[in-house]
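Have a look at the structure below before the remarks.
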Amino acid sequence: MITKKIQKRLFGTNGVRGITGKELTPELVMKIGASLGTMRKGRIAVGRDTRTSGRTYINAIKSGLLAAGCDVVDCGILPTPALQYLVKEQFDGGAMITASHNPPEYNGIKIIEPDGTEMGDEETLKLEQLIFDEPFSTHTWDHIGHDLNAPRLIEKYITAVANHFTGKPGRGMTVVVDPGSGPACITTPRILSLMGCNVITINCILDGTFPGRLPEPSEEGLQNLSSLVVSSGAVFGIAHDGDADRAVFIDEKGQFVEENQEFAVVAQHICRQSKGTIVTPVSTGQIVEMIAKKENCPITFTPVGSIYVARTMLSLIDQGEHVIFGGEGNGGLIFPDHQFCRDGGMSAAMMVLILASTGKKLSGLVKQLPKRHIIKDKIVTPQGEKILEALGVFYSQNPIDRTDGLKVFKDDSWALIRSSGTEPILRIIIDSEKRETGIAFHEELKQEIQKIVQ
Ligand code: MG
């Protein structure tokens, strides 16, 4: 089970990210390709999201991989979970050029292991070592890898997701899909159509300038989706982030479904089908634990980051535990009978099944959940570690969880305070039963932090 995070030099929680032409250059991407090709032999699948810099970087990573002797299969534009699925099924590794939810000027790389999971900390440290030390194995003319384009492989992912659901559960449902001009333009509408839904789309032309909305599917950015859901009489609207591993929902009334509530609605459905463990980071809303308890399903907490969730799910299964569901409270859901990574297309399909099998409206499913209040805050400070240490002393009489940062439990609330791995920022989440207790806890924390940094 993953209980600790390892800090890396180049890679963050979900791969490398940086501004195109500044932090992220073709040279760096080529080195990452050559390093990956030195570590992992065989056939490597590559793919990209719709960013304008994607073509440059995919050629750079291919160049490094080919020089290191790997055969490369270019799957073109596709969601990260689609590439992960293809790697799990038929390749020896993968590299996805994407900056996920970051603004258009960013790009990045996610490295995929042969089992379709994102590369874990220990292997990533070895990869970083190669990138910095540069002992790449570059091959002679007769051992350069082969290069193949396979844009149609994406069909395998689309049918794999749709085939999970028999009997066209979406028949009679209208749904609106907003892929945000990202790679899900070519997957989610098809998946939902195959399930029998009548699909309406918005922002559904592949475009790395993101003309309709930013890659982060925020409530503010989804106003057009919301209006279209209401005017079309759809049962829900769905929006993806820039690489479609996450999915967020708009209910039939046009209301944004907060992502922890989304997690809880799906968790409740899965727990009612079969009892087993749910895996999620310590940052996930209390509401998910409350639903799991109510449904008699144990919950295991991990550090923040989907790779920790996926790897913990795998190691619990190795230990003989029945793991039924995992994910994060940001719309990134992991369905272990499909694959061990967040999958936005699968989340969309699952919501169709939930509405079909319960006969309820999405707003109704959200309304029957327990009520919690969440406050999110961030403090810009280079003294994150010092603050965490001092807060640990201040709250030493309270129950504390140190899985990731400091999670302090107090009365009906908890507060999670943790340092960002990449920026001088302290992130705070407070989850409380009553709004006033959450606000008071937040005030107390701010005052204590103020005293510590003085
Ligand atoms: Mg993403």
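Residue -9 is where the sequence shown starts when you use the working numbering, and the numbers rise one by one after that.
Here a beta-carbon is modelled for each residue, glycine too, at the ideal position from N, C-alpha and C.
These numbers were taken from a predicted model, which means no experiment stands behind them.
Can you give me the Cβ contacts of I34 inside the same chain, cut-off strictly under 8 Å, excluding the 5 residues immediately before and after it? Your numbering for residue 34 matches position 44 in the sequence shown. Excluding positions up to five away in sequence, the list reads L26, G27, L55, C60, D61, V62, V63, F81, D82, G83, G84, A85.
Using only the alpha-carbon positions, how far apart do I9 and E95 sit? Position 19 of the sequence shown holds residue 9. Position 105 of the sequence shown holds residue 95. Distance between the alpha carbons of I9 and E95 is about 6 Å.
Taking buried to mean at least 16 other C-beta atoms within 10 Å of its own C-beta, is S43 buried or exposed? What you label residue 43 is simply residue 53 of the sequence shown in a count that begins at 1. Looking at its Cβ environment, which holds 16 or more other Cβ atoms inside 10 Å, S43 is buried.
Report back the beta-carbon spacing between D168 and N193 to the nearest angstrom; my notes put them in contact at under 8 Å. Mapped onto the sequence shown, residue 168 falls at position 178. Mapped onto the sequence shown, residue 193 falls at position 203. The Cβ separation is near 5 Å, so the contact holds.
For a minimum of 3 consecutive residues, which ranges assigned as the beta strand (DSSP E) are wholly contained in the segment 321 to 406? 363 to 370, 396 to 400
Would F226 pass as a contact of V166 if the rule is Cβ separation under 9 Å? Residue 226 sits at position 236 when you count from the first residue of the sequence shown. Residue 166 sits at position 176 when you count from the first residue of the sequence shown. Contact flag set, yes.
Could you name the residues that DSSP lists as bridge partners for G316? Taking the first residue of the sequence shown as 1, we reach residue 316 at position 326. Paired residues: V269, I324.
Quick one: what does DSSP say I420 is sitting in, helix, strand or coil? As a working note, residue 420 is residue 430 in the sequence shown. I420: strand per DSSP, three-state reduction.
Distance between K243 and F1 (C-alpha atoms, nearest Å): Translated into positions along the sequence shown, residue 1 becomes position 11. Translated into positions along the sequence shown, residue 243 becomes position 253. Going by the C-alpha atoms only, they are around 40 Å apart.
State yes or no: is the C-beta of E206 within less than 9 Å of the C-beta of N92? Taking the first residue of the sequence shown as position 1, residue 206 is located at position 216. Taking the first residue of the sequence shown as position 1, residue 92 is located at position 102. Their beta carbons are under 9 Å apart, which means E206 touches N92 by this criterion.
Given 8 Å as the limit, tell me if S90 has its C-beta closer than that to any heavy atom belonging to the ligand MG. Counting from 1 along the sequence shown, the entry for residue 90 is found at position 100. For the ligand MG, at least one heavy atom lies less than 8 Å from the Cβ of S90.
Any chance the segment 113 to 130 sits against the segment 260 to 276, with 3 or more Cβ pairs inside 8 Å? no
Helix or strand or just coil, what does DSSP make of S409? As a first step, residue 409 is located in the sequence shown; it is residue number 419 there, counting from the start. Three-state result, S409: strand.
Report whether the distance from the Cβ of R332 to the nearest heavy atom of the ligand MG is below 8 Å. Here residue 332 corresponds to residue number 342 of the sequence shown, with the count starting at 1. Yes - the ligand MG has a heavy atom lying nearer than 8 Å to the Cβ of R332.
Are there any heavy atoms of the ligand MG lying less than 8 Å away from the beta-carbon of N4, as far as the coordinates show? The residue labelled residue 4 in the question sits at position 14 within the sequence shown. True, at least one ligand heavy atom lies under 8 Å from that Cβ.
Using a 10 Å radius around the Cβ and a threshold of 16 neighbouring Cβ atoms, would you call S422 buried or exposed? Translated into positions along the sequence shown, residue 422 becomes position 432. Under this definition S422 is a buried residue.
is_contact[A224, chain B] using C-beta, thresh 9 Å: Considering every chain present, this structure includes no chain B. It has just one protein chain.
Alpha-carbon spacing of T164 relative to G157, whole angstroms: Along the sequence shown, one-based indexing puts residue 164 at 174. Along the sequence shown, one-based indexing puts residue 157 at 167. In a straight line, the C-alpha of T164 is about 17 Å away from that of G157.
Distance, Cα to Cα, A174 vs A339? Counting from one through the sequence shown, the residue named residue 174 turns up at place 184. Counting from one through the sequence shown, the residue named residue 339 turns up at place 349. A174 and A339: Cα-Cα distance of roughly 13 Å.
Find out if the Cβ-Cβ distance for the pair L73, K146 is shorter than 9 Å. Along the sequence shown, one-based indexing puts residue 73 at 83. Along the sequence shown, one-based indexing puts residue 146 at 156. No, the pair does not count as a contact, with Cβ atoms beyond the cut-off.
Since Y272 and L406 are thought to touch, with beta carbons under 8 Å apart, how far apart are those beta carbons, to the nearest angstrom? Translated into positions along the sequence shown, residue 272 becomes position 282. Translated into positions along the sequence shown, residue 406 becomes position 416. Residue identity differs from the one stated: residue 272 is Val in this sequence, not Tyr. Sure, about 6 Å apart at Cβ, within 8 Å.
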